[in-house]
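Q: Residue numbers (my numbering): 19 to 369.
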Ligand code: HEC
Ligand code: HEC
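Here it is in structure tokens:
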């Protein structure tokens, strides 16, 4: 097969798998299909409460304060159900929601000044930031401001977005070299989009499906070599044997890179093996969530995160100093040897 045909073929298969995932997801079958190894996910009893019911209860309550307040809309899968995309209002507010959504989906074209790789927010926060167990934006919006040990300070939602620009989007490699400055319209539009998506979500509790699942470290630890086999069998089709992904200009399908100069940098949450394992377990292979065992998810996460990627922008002195200051005790290969070679120095330092 020619390179182009192979690309088209695998992209086509990708769409198929993707479609299958959506069907399963929409039919609510999903909640039955992951009975085994739900690693870290809280099983939730589901009591469907539709958005229409919420809106009607709101009206009733507004007219008569003695009537019960509206609850949180919950779907058949037991998770919060965000408003449908076609309900974004035609108004200045709706326009901001749409701008925020566009930035989220097409980050490197919409706000190229601040993006130093080929990723988009939606690559790690699936389904336009709506997907449960994919750090959905409705789950995030209602949880900030909050104290974070990573920064040892209170983070606002803007701080969290800035963090993803700095590390996940590798802003240091962008034309401006910086994440959007404080108060930028980029944060305003993204936050407006998240607020719209979280309408009706309750604050003050961690909602089921928010963040990525936390997977307990498997008994056999994790292993890069085993991960390589998992990768070849389950991931290379879309992300490429070289991890650089692929882009099909005809279908517009994008398989993002997993390592190398166009990926997230060493300071990113996804560069931590535990975080990547949780994301992968619940979201990859695309369309087949929860199909890998916890062991496979950890192993393949270790394989992905054993590769060189752009440097941690916080590293000003030596690699070892940065490892001690920012990466001590975490599950990552930062500043450690993989197959006899220390990684973490960044893709900029070629040898
Ligand atoms: C390479 C993957 C990746 C990309 C790309 C990415 N993020 Fe994230 N994002 C993460 C990870 C990992 C976390 C941390 C989740 C955790 O702590 O469990 C996170 C957390 C967040 C949070 C907080 C979520 C929560 O529940 O606390 C927000 C908000 C967020 N990202 C927004 C964005 C935005 C906006 C963009 C695009 C500008 C973006 N992210 C791009 C991986 C990514
Ligand atoms: C059917 C194609 C397909 C397969 C197979 C697949 N992925 Fe993905 N992967 C994607 C797509 C597409 C995205 C971006 C999701 C989006 O934008 O909606 C993605 C996103 C990711 C991301 C976050 C974005 C980034 O570039 O870092 C990681 C990490 C990832 N995949 C790892 C894996 C691993 C590990 C496997 C194998 C266990 C795997 N994927 C299998 C298509 C696939």
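We put the beta carbon where it would ideally sit given N, CA and C, even for glycine.
1. Does the beta carbon of residue 179 fall short of 7 Å from some heavy atom of ligand 1?
2. Do residue 133 and residue 210 have their beta-carbon atoms positioned less than 8 Å apart in this structure?
3. So who's on the other strand from residue 179, going by DSSP bridges?
4. Does residue 74 have its Cβ less than 8 Å from a Cβ in chain B?
5. Touching or not, the region 264-281 and the region 193-205, by the rule of three or more beta carbon pairs under 8 Å?
6. If you pair each beta-carbon of the region 303-318 with each one of the region 327-334, do three or more pairs fall below 8 Å?
7. Where in the region 220-252 do unbroken runs of the alpha helix (DSSP H), each at least 4 residues long, occur, reported from the N-terminal end onward?
8. From residue 342 to residue 100, what does the alpha carbon distance come to, in whole angstroms?
9. Tell me whether residue 216 is buried or exposed, calling it buried when 16 or more other Cβ atoms sit within 10 Å of its Cβ.
10. State the start and end residues of the unbroken beta strand (DSSP E) segment that holds residue 171.
11. Would you grab the beta carbon distance between residue 162 and residue 152 for me? Rounded to a whole angstrom, and I think it's under 8 Å.
12. Residue 250: beta carbon under 7 Å from a heavy atom of ligand 2?
13. Buried or exposed: where does residue 95 fall if 16 or more other Cβ atoms within 10 Å of its Cβ makes it buried?
14. Note down the Cα distance separating residue 112 from residue 142, rounded to an integer number of angstroms.
15. Across the region 259-274 and the region 118-132, are there enough close Cβ pairs to call them in contact, namely three or more that are closer than 8 Å?
16. Who are the Cβ neighbours of residue 65 in its own chain at under 7 Å, not counting the five residues just before and after it?
17. By a C-beta neighbour count over all protein chains shown, 10 Å radius and 16 as the cutoff for buried, is residue 87 buried or exposed?
18. At a cut-off of 7 Å, is residue 142 close to ligand 2 when judged by its beta-carbon and the heavy atoms of the ligand?
19. Could you tell me which residues DSSP puts in a beta bridge with residue 342?
20. So, under 8 Å CB-CB, residue 154 and residue 228 are touching, yes? Tell me the CB distance rounded to an integer number of Å.
21. How many Å lie between residue 306 and residue 253 at the Cα?
22. Just checking my contact of residue 137 with residue 187 at CB under 8 Å: how many whole Å lie between their CB atoms?
23. Mapping the DSSP letters down to three states, classify residue 359 as helix, strand or coil.
24. Apply the 10 Å Cβ neighbour rule to residue 47 and answer buried if 16 or more other Cβ atoms are within range, or exposed otherwise.
25. For residue 166, collect the residues of the same chain with a Cβ closer than 6 Å to its Cβ; drop the 5 residues on either side in sequence, then sort them by chain order.
26. Could you name the residues of the same chain whose beta carbon sits closer than 6 Å to that of residue 245, not counting the 5 residues immediately before and after it, in chain order?
27. Tell me, please, which residues DSSP counts as bridged to residue 98.
28. Rounded to the nearest angstrom, how far is the Cβ of residue 287 from that of residue 275, given a contact under 8 Å?
29. How long is the line joining the alpha carbons of residue 81 and residue 73, rounded to whole angstroms?
A: Answer, in terms of the structure:
1. Position 161 of the chain shown, counting from 1, holds the residue named residue 179. Checking every heavy atom of ligand 1 against the Cβ of residue 179, one is found closer than 7 Å.
2. On the chain shown, position 192 is the one that residue 210 refers to. On the chain shown, position 115 is the one that residue 133 refers to. Cβ atoms of residue 210 and residue 133: not closer than 8 Å.
3. On the chain shown, position 161 is the one that residue 179 refers to. Residue pairing by DSSP places residue 179 opposite no residue, since no beta bridge is assigned to it.
4. The structure shown contains no chain B; it is built from a single protein chain.
5. Flag = no, the region 264-281 and the region 193-205 do not touch.
6. Contact between the region 303-318 and the region 327-334 is absent: fewer than 3 CB-CB pairs across the two stretches fall below 8 Å.
7. With a minimum length of 4 residues, the continuous alpha helix (DSSP H) runs that stay inside the region 220-252 are 242-252.
8. Along the chain shown, read from residue 1 onward, the residue named residue 342 stands at position 324. Along the chain shown, read from residue 1 onward, the residue named residue 100 stands at position 82. Looking at the backbone, the Cα of residue 342 and that of residue 100 are separated by about 41 Å.
9. Here residue 216 refers to the residue found at position 198 when the chain shown is read from its first residue. Per the 10 Å Cβ criterion, buried.
10. The residue labelled residue 171 in the question sits at position 153 within the chain shown. Here the beta strand (DSSP E) through residue 171 covers 171-173.
11. Here the question's residue 162 lines up with position 144 in the chain shown. Here the question's residue 152 lines up with position 134 in the chain shown. With a beta-carbon spacing of about 18 Å, residue 162 and residue 152 fall beyond the 8 Å limit used to define contacts.
12. In the chain shown, counting from the first residue as 1, residue 250 sits at position 232. Checking the Cβ of residue 250 against ligand 2 gives no.
13. By 1-based counting over the chain shown, the position of residue 95 is 77. Under this definition residue 95 is a buried residue.
14. The residue given as residue 112 occupies position 94 in the chain shown. The residue given as residue 142 occupies position 124 in the chain shown. Our two residues, residue 112 and residue 142, have alpha carbons roughly 24 Å apart in a direct line.
15. Proximity of the region 259-274 to the region 118-132 falls short of the contact definition, fewer than three beta-carbon pairs being nearer than 8 Å.
16. Here residue 65 refers to the residue found at position 47 when the chain shown is read from its first residue. Here residue 65 has 92 as same chain residues with Cβ atoms under 7 Å from its own Cβ, once five neighbours each way along the sequence are excluded.
17. Taking the chain shown and counting its residues from 1, the one referred to as residue 87 is at position 69. The residue is exposed, with fewer than 16 neighbouring Cβ atoms inside 10 Å.
18. Counted from its first residue, the chain shown places residue 142 at position 124. Yes, the Cβ of residue 142 comes within 7 Å of a heavy atom of ligand 2.
19. On the chain shown, position 324 is the one that residue 342 refers to. In the DSSP output, where bridge partners are listed per residue, residue 342 has none listed.
20. On the chain shown, position 136 is the one that residue 154 refers to. On the chain shown, position 210 is the one that residue 228 refers to. About 6 Å; that satisfies the 8 Å criterion.
21. The residue you call residue 306 lines up with position 288 of the chain shown. The residue you call residue 253 lines up with position 235 of the chain shown. Each residue's CA atom was taken as its position, placing residue 306 and residue 253 some 11 Å apart.
22. Here the question's residue 137 lines up with position 119 in the chain shown. Here the question's residue 187 lines up with position 169 in the chain shown. About 6 Å separates the two Cβ atoms, so the contact holds.
23. Translated into the one-based positions of the chain shown, residue 359 becomes position 341. For residue 359, the secondary structure class from DSSP, reduced to helix, strand or coil, is strand.
24. As a position in the chain shown, residue 47 is number 29, starting the count at 1. Unreliable positioning characterises residue 47 in this predicted model, as indicated by a pLDDT of 35, which lies under 50. The coordinate reading is nonetheless provided below. Its Cβ having fewer than 16 others within 10 Å, residue 47 is exposed.
25. By 1-based counting over the chain shown, the position of residue 166 is 148. Spatial neighbours of residue 166 in its own chain (CB-CB distance under 6 Å, excluding positions within 5 residues in sequence) are listed in chain order as 173.
26. Looking up residue 245 in the chain shown gives position 227. Contacts found: 317, 318, 320 and 321.
27. Taking the first residue of the chain shown as 1, we reach residue 98 at position 80. The partner list for residue 98 (beta bridge, DSSP) reads 92.
28. To locate residue 287, count along the chain shown from 1; it is residue 269. To locate residue 275, count along the chain shown from 1; it is residue 257. Residue 287 to residue 275, Cβ: 17 Å. No contact.
29. In the chain shown, the residue the question calls residue 81 occupies position 63. In the chain shown, the residue the question calls residue 73 occupies position 55. The straight-line gap from Cα to Cα measures roughly 13 Å.
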